[in-house]
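S.K.: Residue numbers for the sequence shown follow this note's numbering, so the first one is 3 and each next one is one higher. Beta carbons are placed, not taken as given, at the ideal position from N, Cα and C, and that holds for glycine. This is the structure I want to talk about, given as structure tokens.
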Amino acid sequence: VPWFASLWRRGETVAIRRLDDIPPEASAEREMAANAGIRAVLFTSFSVAGGPAGVLVANDLEEEAVWDERTIQSIRLVGELLGNALERQRVAEEIQNREARYRDQLESQIAERTAELEADRWGVELMTMAGYNPNHMLEVMDILKEASSGGEPPEFLSSHPKPENRKEYIAQVIDETFPEGLPPGLK
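Structure follows, in structure tokens:
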């Protein structure tokens, strides 16, 4: 149905009172309508996101029809409402997809930070078991902070806690692990 399709792409509304009003270049459409028992046709296209999305059609199967301006405006309005509803649905789905991506990203960052802090906790224990003073880890955090020199993104966008926060956490772990003080003889 190339004639109807070209009108649809252009966003036109077409009111055909009787099949003889269909132009000669639309012979395929005239034949299809006659075979379906259609006597009169009113259609309007609707768009979503600025592009053609569909067509709303009213057919009269009993008699030729005079499509008054009120009926034509009504079908255009219904088409616009349908297009707007579809656009709202598309936007809502896009928002849901973005929310899911952000949620996944946030959950991943939380897992990475949790793993980093757990590694710091293990570092304190392993250093002590190996005979080293875990306070040296605090010095490492100072070196990391100095190396970053303020060029890092905000912590909520980073996969790792900031060195100063890790330093605070490591000091807390040392205090919790050794409430009576560090064992003697650590290097």
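Tell me which residues share the same chain as Arg123 and place their Cβ nearer than 6 Å to its Cβ, disregarding the 5 neighbours each side in the sequence.
M.R.: As a working mapping, residue 123 is identified with position 121 in the sequence shown. Hits under 6 Å: Val175.
S.K.: Considering only the beta carbon of each residue, do Glu65 and Arg41 sit closer than 7 Å?
M.R.: Against the sequence shown, residue 65 aligns to sequence position 63. Against the sequence shown, residue 41 aligns to sequence position 39. Contact flag set, yes.
S.K.: Within 10 Å of its beta-carbon, does Phe158 have 16 or more other beta-carbons around it, so buried, or fewer, so exposed?
M.R.: Residue numbering aside, residue 158 sits at position 156 when the sequence shown is read from its first letter. Its Cβ having fewer than 16 others within 10 Å, Phe158 is exposed.
S.K.: Quick one, which of Asn99, Ser161, Glu71 has its alpha-carbon nearest Glu109's?
M.R.: Reading the sequence shown from its first residue, position 107 is the one you call residue 109. Residue Ser161 is the option with its Cα nearest to Glu109.
S.K.: Start and end of the alpha helix (DSSP H) containing Ser150?
M.R.: By one-based count along the sequence shown, residue 150 stands at place 148. From DSSP, the alpha helix (DSSP H) with Ser150 extends over 138–150.
S.K.: If you follow the alpha helix (DSSP H) that Leu159 is part of, which residue opens it and which one closes it?
M.R.: Reading the sequence shown from its first residue, position 157 is the one you call residue 159. Careful: Leu159 lies outside any alpha helix (DSSP H) and carries neither H nor E.
S.K.: What residue range does the beta strand (DSSP E) around Ile18 cover?
M.R.: If you number the sequence shown from 1, residue 18 lands on position 16. Start and end: 15–18.
S.K.: Using the C-alpha atoms, what's the distance from Glu82 back to Ile24?
M.R.: Counting from one through the sequence shown, the residue named residue 24 turns up at place 22. Counting from one through the sequence shown, the residue named residue 82 turns up at place 80. Distance between the alpha carbons of Ile24 and Glu82 is about 25 Å.
S.K.: Look at the alpha carbon of Ala7 and the alpha carbon of Ala51, and state the distance between them as a whole number of angstroms.
M.R.: Your numbering for residue 7 matches position 5 in the sequence shown. Your numbering for residue 51 matches position 49 in the sequence shown. When rounded, the distance between both Cα atoms is 19 Å.
S.K.: Apart from the five residues just before and just after His138, which ones in its own chain have a Cβ nearer than 8 Å to its Cβ?
M.R.: Mapped onto the sequence shown, residue 138 falls at position 136. So the list reads Met129, once near-sequence residues are dropped.
S.K.: Name, in chain order, the residues that DSSP records as bridge partners for Asp62.
M.R.: In the sequence shown, residue 62 corresponds to position 60, counting from 1. Asp62 pairs with Ala42.
S.K.: Would you kindly work out how many angstroms separate the C-alpha atoms of Ala67 and Arg19, rounded to a whole number?
M.R.: Locating residue 67 in the sequence shown gives position 65, counting from the first residue. Locating residue 19 in the sequence shown gives position 17, counting from the first residue. Each residue's alpha carbon lies about 5 Å from the other.
S.K.: Determine the contact status of Ile172 and Leu146, defining contact as a CB-CB distance below 7 Å.
M.R.: Residue 172 sits at position 170 when you count from the first residue of the sequence shown. Residue 146 sits at position 144 when you count from the first residue of the sequence shown. Cβ distance not < 7 Å, so Ile172 and Leu146 don't count as in contact.
S.K.: Check each candidate in Pro54, Glu89, Leu58 and name the one with the smallest Cα separation from Ser76.
M.R.: Position 74 of the sequence shown, counted from the start, is the residue given in the question as residue 76. If we check each option's Cα against that of Ser76, Leu58 comes out closest.
S.K.: Here's a check: name, in chain order, each residue in its chain whose Cβ is nearer than 8 Å to the Cβ of Pro163, leaving out the five neighbours to either side.
M.R.: Translated into the one-based positions of the sequence shown, residue 163 becomes position 161. If we look at Pro163 and ignore the five residues flanking it on each side, its Cβ neighbours are Arg115, Glu118, Leu119, Glu157, Tyr171.
S.K.: How big is the Cα-Cα spacing for Ser2 and Gln98?
M.R.: Outside the displayed span of the chain (3 to 189) sits residue 2, for which this structure offers no information.
S.K.: So, using beta-carbon positions, are Trp5 and Glu31 closer together than 7 Å?
M.R.: On the sequence shown, position 3 is the one that residue 5 refers to. On the sequence shown, position 29 is the one that residue 31 refers to. In this structure, Glu31 lies closer than 7 Å to Trp5 by Cβ.
S.K.: Any idea if Val3 is buried or exposed, counting beta-carbon neighbours within 10 angstroms, 16 or more meaning buried?
M.R.: Along the sequence shown, read from residue 1 onward, the residue named residue 3 stands at position 1. Counting Cβ neighbours within 10 Å, Val3 comes out exposed, since fewer than 16 surround it.
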